[in-house]
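A.B. asks:
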Ligand code: SAM
């Protein structure tokens, strides 16, 4: 069974946020005063199992657990195990990695296959400023742990923001020279309710980042990859790793979007860049939740818009509360 939306896109990838909490306070993502605990009604392990089963009946191929910070959710191993028991082929997390070294073995035993780590900077000082106090060494511990455990390609996500980490383009790209990493440069999206004028000053188009890398290393080589994936992937000639560019603002990839999001407060968000959300509490509480969730997912897919809104506008929710 394939889940098709009204524009012929196959919906096969799920981003599932397991908590609104995070143990870092990134300037562009985590507003001060944000949640310190899981509010009542946060998605449970049982809810996760039911939702994954419903998505699986509709052709789910991959799930990425996110947040908030997924590793602060103590039931994450059980949630991953639920995905594994159902036989979902691709099970990944997006994480800041701070707690990964401590939890990695349990997560891999539960069924975790891949990890995307957020690391906006190689420089300890820049990292500390952007995360309001984080230590980049902990991300390195996470990378090394993932390598030791033989996990699939380790991806690094860096959101590029002018005046914050634009001096980090070459150091970040250089990581791919001798390390098996896919270093991905993400365009900054207006999902933090910053002043639109300030946002525009801080925004850096992926093409500018790529041009700076090419000015330093010469022309990049294109790498074949999944055409529905958001990143365009390249290589510095002769490098061990690769570079990805995720340009949702300057070069939106809505026409190949294959994703749905479920927030930790049980709302389906059909499009990251549109405020539309569908509260589906009712389906989790139904007598037959899987059947009700299939109906809810079909309704939400029906409302998936053709395009997201890439302009800076006042958003109802910021990224930490949606699940990136
Ligand atoms: N805490 C985890 C982490 O740090 O990866 C998972 C949640 S975080 C919201 C997921 C991803 O969203 C991170 O890579 C983060 O950098 C990215 N992100 C957050 N706010 C963003 C924004 N305004 N524009 C682009 N990416 C953003």
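Numbering (the working numbering), first residue to last: 9 to 332.
No residue lacks a Cβ here, since even glycine has one placed at the ideal position from N, Cα and C.
What you are looking at is a predicted structure, and each value in this text was computed from that prediction instead of being measured.
(1) Please work out which residues of its chain come closer than 7 angstroms, Cβ to Cβ, to residue 320, disregarding the five sequence neighbours upstream and downstream, and give them in chain order.
(2) Output yes or no for whether 9 angstroms exceeds the beta carbon distance between residue 249 and residue 185.
(3) Does the region 15 to 28 come close enough to the region 73 to 89 that 3 or more CB-CB pairs lie under 8 angstroms?
(4) Whole-angstrom Cβ separation of residue 70 and residue 20, contact assumed at under 8 angstroms?
(5) Give me the Cβ distance between residue 146 and residue 183, rounded to the nearest whole Å; I'm assuming they're in contact under 8 angstroms.
(6) Can you name the start and end residues of the alpha helix (DSSP H) that residue 184 belongs to?
(7) Can you name, in chain order, every residue of its own chain whose Cβ lies under 6 angstroms from the Cβ of residue 315, other than the five neighbours on each side?
(8) Label residue 61 either buried or exposed according to how many other C-beta atoms from any shown protein chain fall within 10 Å of its C-beta, with 16 as the threshold for buried.
(9) Can you find a heavy atom of ligand 1 that lies under 8 angstroms from the Cβ of residue 273?
(10) Given this structure, state the Cα-to-Cα distance separating residue 15 from residue 213, to the nearest angstrom.
(11) Using 8 angstroms as the cut-off, classify the Cβ of residue 173 as near or not near the heavy atoms of ligand 1, replying yes or no.
(12) Can you confirm whether the region 88 to 106 touches the region 116 to 125 when touching is taken to mean that 3 or more C-beta pairs between the two stretches lie within less than 8 angstroms?
(13) Within 10 angstroms of the Cβ of residue 178, are there 16 or more other Cβ atoms? Answer buried if so, exposed if not.
(14) Should residue 99 be counted as a contact of ligand 1 given a C-beta to heavy atom distance under 8 angstroms?
(15) For residue 310, tell me which candidate among 291, 272 and 268 has the shortest Cα-Cα distance.
(16) Among 31, 292, 225 and 246, which one has its Cα closest to the Cα of residue 50?
(17) Assess contact between the region 292 to 301 and the region 322 to 331, defined as three or more Cβ pairs (one per stretch) separated by less than 8 angstroms. Is contact present?
(18) Label residue 274 either buried or exposed according to how many other C-beta atoms from any shown protein chain fall within 10 Å of its C-beta, with 16 as the threshold for buried.
(19) Just the C-alpha distance for residue 169 and residue 57, rounded to the nearest angstrom, thanks.
(20) Residues in its own chain within less than 7 angstroms of residue 138 by CB, not counting five upstream and five downstream?
(21) Are the beta-carbon atoms of residue 255 and residue 277 separated by less than 9 angstroms?
(22) Span of the beta strand (DSSP E) holding residue 9?
(23) Does the Cβ-Cβ distance between residue 281 and residue 317 come in under 9 angstroms?
(24) Taking CB distances under 9 angstroms as the criterion, tell me whether residue 122 reaches chain B.
(25) Which residue from 303, 259 and 12 puts its Cα closest to that of residue 195?
(26) What ranges does the beta strand (DSSP E) occupy inside the region 234 to 265, keeping only unbroken runs of at least 3 residues that lie completely in it?
(27) Which complete beta strand (DSSP E) runs does the region 138 to 215 hold, if anything under 3 residues is left out?
(28) How many whole angstroms separate the CB atoms of residue 124 and residue 154, which I take to be in contact at a CB cut-off of 8 angstroms?
(29) On the DSSP bridge assignment, give the partners of residue 353 in chain order.
(30) Report the partner residues of residue 229 according to the DSSP bridge assignment.
(31) Note down the Cα distance separating residue 187 from residue 151, rounded to an integer number of angstroms.
(32) For residue 68, count neighbouring Cβ atoms within 10 angstroms of its own Cβ and tell me buried if that reaches 16, exposed if not.
(33) Just to check, is the beta-carbon of residue 327 closer than 8 angstroms to a non-hydrogen atom of ligand 1?
(34) Any idea what DSSP makes of residue 270, helix, strand or coil?
C.D. replies: Answer, in terms of the structure:
(1) Indexing the chain shown from 1 puts residue 320 at position 312. 198, 204, 207 and 208, listed in sequence order.
(2) Here the question's residue 249 lines up with position 241 in the chain shown. Here the question's residue 185 lines up with position 177 in the chain shown. In contact: residue 249 and residue 185 (Cβ atoms closer than 9 angstroms).
(3) yes
(4) Along the chain shown, read from residue 1 onward, the residue named residue 70 stands at position 62. Along the chain shown, read from residue 1 onward, the residue named residue 20 stands at position 12. Yes, they are in contact, since the Cβ atoms of residue 70 and residue 20 sit about 7 angstroms apart, within 8 angstroms.
(5) Walking along the chain shown from the start, residue 146 turns up at place 138. Walking along the chain shown from the start, residue 183 turns up at place 175. Wrong, their Cβ atoms sit about 16 angstroms apart, outside the cutoff.
(6) Your numbering for residue 184 matches position 176 in the chain shown. Run containing residue 184: 177 to 186, per the alpha helix (DSSP H) assignment.
(7) Numbered from 1 along the chain shown, position 307 holds the residue referred to as residue 315. Only 262 meet the Cβ criterion.
(8) Along the chain shown, read from residue 1 onward, the residue named residue 61 stands at position 53. Classification for residue 61: buried.
(9) In the chain shown, residue 273 corresponds to position 265, counting from 1. No, since every heavy atom of ligand 1 falls outside the 8 angstroms radius drawn around the Cβ of residue 273.
(10) Mapped onto the chain shown, residue 15 falls at position 7. Mapped onto the chain shown, residue 213 falls at position 205. Answer to the nearest angstrom: the Cα atoms are 27 angstroms apart.
(11) Residue mapping note: residue 173 aligns to position 165 of the chain shown, counting from 1. Result no, Cβ not under 8 angstroms from ligand 1.
(12) yes
(13) In the chain shown, residue 178 corresponds to position 170, counting from 1. The residue in question, residue 178, is exposed, as its Cβ has fewer than 16 Cβ neighbours within 10 Å.
(14) The residue given as residue 99 occupies position 91 in the chain shown. Not so, every heavy atom of ligand 1 lies at least 8 angstroms from the Cβ.
(15) Start at 1 with the first residue of the chain shown, and residue 310 comes out as number 302. For the residues 291, 272 and 268, the minimum Cα distance to residue 310 belongs to 268.
(16) To locate residue 50, count along the chain shown from 1; it is residue 42. Here the closest residue by C-alpha is 292.
(17) no
(18) Mapped onto the chain shown, residue 274 falls at position 266. With 16 or more other Cβ atoms within 10 Å, it is buried.
(19) Position 161 of the chain shown, counting from 1, holds the residue named residue 169. Position 49 of the chain shown, counting from 1, holds the residue named residue 57. Going by the C-alpha atoms only, they are around 37 angstroms apart.
(20) Residue mapping note: residue 138 aligns to position 130 of the chain shown, counting from 1. Correct list, in chain order: 34, 35, 128, 129, 172 and 173.
(21) Taking the chain shown and counting its residues from 1, the one referred to as residue 255 is at position 247. Taking the chain shown and counting its residues from 1, the one referred to as residue 277 is at position 269. In this structure, residue 277 does not lie closer than 9 angstroms to residue 255 by Cβ.
(22) On the chain shown, residue 9 is found 1 positions in, with the first residue counted as 1. Taken as a continuous stretch (DSSP letters only), residue 9 belongs to no beta strand (DSSP E), as it is neither H nor E.
(23) Residue numbering aside, residue 281 sits at position 273 when the chain shown is read from its first letter. Residue numbering aside, residue 317 sits at position 309 when the chain shown is read from its first letter. In this structure, residue 317 lies closer than 9 angstroms to residue 281 by Cβ.
(24) In the structure shown, chain B cannot be found, because there is only a single protein chain.
(25) Indexing the chain shown from 1 puts residue 195 at position 187. If we check each option's Cα against that of residue 195, 259 comes out closest.
(26) 240 to 243 and 250 to 254
(27) 162 to 168 and 189 to 195
(28) As a working mapping, residue 124 is identified with position 116 in the chain shown. As a working mapping, residue 154 is identified with position 146 in the chain shown. About 10 angstroms; that fails the 8 angstroms criterion.
(29) No statement about residue 353 is possible, as the shown extent of the chain runs from 9 to 332 and does not include it.
(30) Here residue 229 corresponds to residue number 221 of the chain shown, with the count starting at 1. According to DSSP, which records beta bridges pairwise, residue 229 is partnered with 243.
(31) Within the chain shown, residue 187 is the residue found at index 179, counting from 1. Within the chain shown, residue 151 is the residue found at index 143, counting from 1. Near 10 angstroms, if we compare the C-alpha coordinates of residue 151 and residue 187.
(32) To locate residue 68, count along the chain shown from 1; it is residue 60. Result: buried.
(33) For the purposes of this step, residue 327 is taken as residue 319 along the chain shown, with counting starting at 1. Result yes, Cβ under 8 angstroms from ligand 1.
(34) As a working note, residue 270 is residue 262 in the chain shown. In this structure, residue 270 counts as strand in the three-state DSSP scheme.
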